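Asker:
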Amino acid sequence: MTNTQVTHVQIDNYGPWTVTPEPRREVDLQTLQSRLYADLSQLFGNRNGYVFFSRFDNMIAVTNGLDVDDHAMIQESVGNRYPVTMSMAVATGTTPAAALGDATSELQDAGSAQDEHRREILRGRTIDEEFRTAADVQIAHFDVNDATGKYTDELNEFDTFIRIEQGYAELMRYMRQAHDSLSFFVGGDNVIAVCPDLDAADYRDAIEHVDEAVDVDLKVGVGRGRTAQDAGMAAKHALEACRADGADVELDF
């Protein structure tokens with residue numbers, strides 16, 4: 003049974019800030035968002051977590067192994083370096099979607115995302131060390147079969163982007179609805195999904211669904227671990243095994 007710890011990261015009062023005292027240049031906002039994501043990726047990553055950009059003003063992290071003090075240090079680091087602050091809520095659950103739902107409820111209970119008085123909220127609970135196991139996190143690393151040959155080397159970049167995004171959107175929707183998982187585009191033709199305790203048949207089901215729905219052919223490597231990085235590296239090795247033997251699904255556990 004998995005036990006995923008998820009952190010919902012939300013920039014405080016970001017919408018109003020972007021237009022106060024007047025609308026800010028989009029290039030400056032995009033630069034801030036990308037730099038903040040990069041810094042959070044390193045700050046969580048240095049503690050064996052993963053963070054995904056979601057909508058940039060909201061981000062989702064898998065944080066098994068991080069306690070409340072770790073979150074507070076990350077929050078303080080951002081507050082010292084950026085003109086915006088961020089709030090975080092942490093929750094755990096046997097499915098990532100359930101954990102995120104609880105974390106989001108904690109933030110919503112603390113005030114609106116556009117409440118000018120809500121600043122640097124830190125709420126929720128983490129997994130006690132004594133209850134952690136080597137199978138707490140299950141991560142699936144999907145990529146598109148022969149994306150270079152089918153799309154990158156054949157279509158213009160925007161049409162390639164459309165095809166990859168269609169596959170990602172359908173996979174994201176289906177993995178959430180059918181398997182209570184959270185899936186994130188991570189560049190190129192790669193999607194990382196944080197999953198509950200799924201088996202090979204569940205992943206084949208998702209791959210077949212995406213192929214039938216949007217004609218995008220996927221493969222996936224799956225790993226488990228004590229932390230997101232442990233599970234993610236196992237998933238990467240499993241994906242390499244897929245590439246080597248032509249399998250659609252490979253489990254590294």
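In the numbering used here, the protein residues as written are 3 to 255.
Built from N, CA and C at the ideal position, the CB exists for glycine as well.
All values reported here derive from a predicted model rather than from experimental measurement.
1. Tell me the DSSP secondary structure of N82 in three-state form.
2. Can V11 and M90 be called in contact, C-beta distance under 8 Å?
3. Beta carbon of L31: closer than 7 Å to some heavy atom of the ligand PLP?
4. Taking buried to mean at least 16 other C-beta atoms within 10 Å of its own C-beta, is M88 buried or exposed?
5. Check whether the Cβ atoms of G95 and D104 lie closer than 8 Å to each other.
6. Starting from V196, follow its DSSP beta bridges and name the residues at the other end.
7. Please confirm if C244 has its CB atom under 8 Å from at least one CB of chain B.
8. Count the other CB atoms, across all protein chains shown, that sit within 10 Å of the CB of H119; report buried if there are 16 or more and exposed otherwise.
9. Which residue marks the beginning of the beta strand (DSSP E) containing H10, and which one marks its end?
10. Where does L102 sit, in a helix, a strand or coil, going by DSSP?
11. Under 8 Å between the Cβ atoms of Q231 and N5?
12. Counting only the same chain and skipping the five closest in sequence on each side, list residues whose C-beta sits under 7 Å from that of V216.
13. Nearest by alpha-carbon distance to G190: which of T162, G17, G248 and G234 is it?
14. When DSSP labels each residue in this structure, what does L253 get in the three-state scheme?
15. Report the rounded CA-to-CA distance for F54 versus L38, giving the unit in angstroms.
Answerer: In short, the structure shows the following:
1. helix
2. yes
3. Summarising the ligand content, the structure contains no ligands, and the ligand PLP is consequently not present.
4. buried
5. yes
6. I141 and L184
7. In the structure shown, chain B does not exist; there is a single protein chain.
8. exposed
9. T6 to I13
10. helix
11. no
12. Q168, G169 and E172
13. T162
14. strand
15. 12 Å
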